Amino acid sequence: MSGALLLASRENALAQSFGWNIIRNPDAESGPASPDVGQTLVSIPNWTTTDRFTVLSYASALPTFGIHPSDPGPADRGNNLFTGGTPSAFSTASQTVDVSSWSSAINGPGVNYELSGWIGGWQGDSDPAVLEAQFLGFGGANLGSASIGPVSVSERLGQTGLFFRSTDGVMPVGTLQVNFLMSMTRLNGTDNDGYADNPSFVATAVPEPESMAIVAGMGILGFALWRRARLHRKPEVV
């Protein structure tokens, strides 16, 4: 196989590992929801939690707590969402994803990312919810981070609901793992009204210069062959 075909094959194999959300159980649909509006702790598959962080069902929301199915939020919200829990002052959920298989791209031409999710709160309570992506290198060294949230009361116009937020960037050179951390802080009242759903981290590899040159070259060659065929085409007989 020629060097050009080998490079194209390697680029294609690498590209297949990008383009989808790498966060596991991002919609809180794996596992049960708290049966009593966030007061009972439930195990959340793929997430490590602290304090009273739990899962709440949209359908179990009360007038004084939770987010109803009719409140602003994702169209594909499913049944559940994440919440800080009652009466937690500060709670978190985290998971770490190994991205060492992307090292050649991260340390070479680069890897772009988009961090996004639906974040919100309840009425006039200013309990903040934040989603953070922490880029970790060898030995767990912190290479940088990105975050979305909180969505303030004024940004929500005092409305209960979830609102889409996103940020993008380039993964730091040397990244081997990404730790995702959702944190909820109670600033008002007795309930932690930090809410989140559908956190997402999607990466896209930057094409190597060689592969871009190959694509450009193939385009030029294709145009040349097309032009040559037109020049040598026999005129139609009328």
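Start counting the sequence shown at 0; every next residue gets the next number (numbering that gives the first Met the number 0). Idealized CB from N, CA, C, for every residue including glycine. These numbers were taken from a predicted model, which means no experiment stands behind them.
- Query: Can you tell me whether DSSP reads F163 as helix, strand or coil?
  - Reply: Within the sequence shown, the letter at position 164 stands for residue 163. Strand, per DSSP.
- Coil, strand or helix - W117 by DSSP: As a position in the sequence shown, residue 117 is number 118, starting the count at 1. Three-state result, W117: strand.
- Item | Spatial distance of P149 from L61 (CA atoms) | Counting from 1 along the sequence shown, the entry for residue 149 is found at position 150. Counting from 1 along the sequence shown, the entry for residue 61 is found at position 62. So the alpha carbons of these two residues sit roughly 22 Å apart.
- V177 to Q38 span [Cα, whole Å]: As a working note, residue 177 is residue 178 in the sequence shown. As a working note, residue 38 is residue 39 in the sequence shown. In a straight line, the C-alpha of V177 is about 30 Å away from that of Q38.
- Assumed close pair V110, L175 - CB separation to whole angstroms, cut-off 8 Å: By 1-based counting over the sequence shown, the position of residue 110 is 111. By 1-based counting over the sequence shown, the position of residue 175 is 176. 12 Å between Cβ atoms; not a contact.
- Message: Can you tell me whether E238 is helix, strand or coil according to DSSP?
- Response: Here the chain has residues from 0 to 237 only, and residue 238 is not among them.
- Are the C-beta of S16 and some C-beta of chain B separated by less than 7 Å? Included in the structure is just one protein chain, with no chain B present.
- Message: Buried or exposed, going by whether 16 or more other CB atoms sit within 10 Å of the CB of A58?
- Response: Mapped onto the sequence shown, residue 58 falls at position 59. The residue is exposed, with fewer than 16 neighbouring Cβ atoms inside 10 Å.
- Query: Does the Cβ of W19 have 16 or more other Cβ atoms within 10 Å, making it buried, or fewer, making it exposed?
  - Reply: By one-based count along the sequence shown, residue 19 stands at place 20. The residue is exposed, with fewer than 16 neighbouring Cβ atoms inside 10 Å.
- Contact between the region 40-52 and the region 121-131 (3+ Cβ pairs under 8 Å): no
- Item | Close-in-space but distant-in-sequence residues of the same chain around S146 (CB under 8 Å, 5 per side omitted) | Taking the first residue of the sequence shown as 1, we reach residue 146 at position 147. Around S146: L114, V129, L130, E131, A132 and T166.
- Buried versus exposed, by CB contacts within 10 Å (16 or more), G120: Locating residue 120 in the sequence shown gives position 121, counting from the first residue. It counts as buried.
- Task: State yes or no: is the C-beta of T189 within less than 7 Å of the C-beta of F89?
- Result: As a first step, residue 189 must be located in the sequence shown, where it is residue number 190. As a first step, residue 89 must be located in the sequence shown, where it is residue number 90. The answer is no: Cβ separation not under 7 Å.
- Kindly identify the DSSP beta-bridge partner or partners of D97. Counting from 1 along the sequence shown, the entry for residue 97 is found at position 98. Paired residue(s): Q176.
- C-alpha distance - S103 paired with F179, whole-angstrom precision: Looking up residue 103 in the sequence shown gives position 104. Looking up residue 179 in the sequence shown gives position 180. Taking the straight line from one Cα to the other gives about 22 Å.
- Query: Is it right to say T47 is buried, meaning 16 or more other beta carbons lie within 10 angstroms of its own, or is it exposed?
  - Reply: For the purposes of this step, residue 47 is taken as residue 48 along the sequence shown, with counting starting at 1. T47 comes out exposed.
- Looking at the structure shown, is I21 part of a helix, part of a strand, or coil, going by DSSP? For this step, residue 21 is matched to residue 22 along the sequence shown. Of the three classes helix, strand and coil, the one that applies to I21 here is coil, per DSSP.
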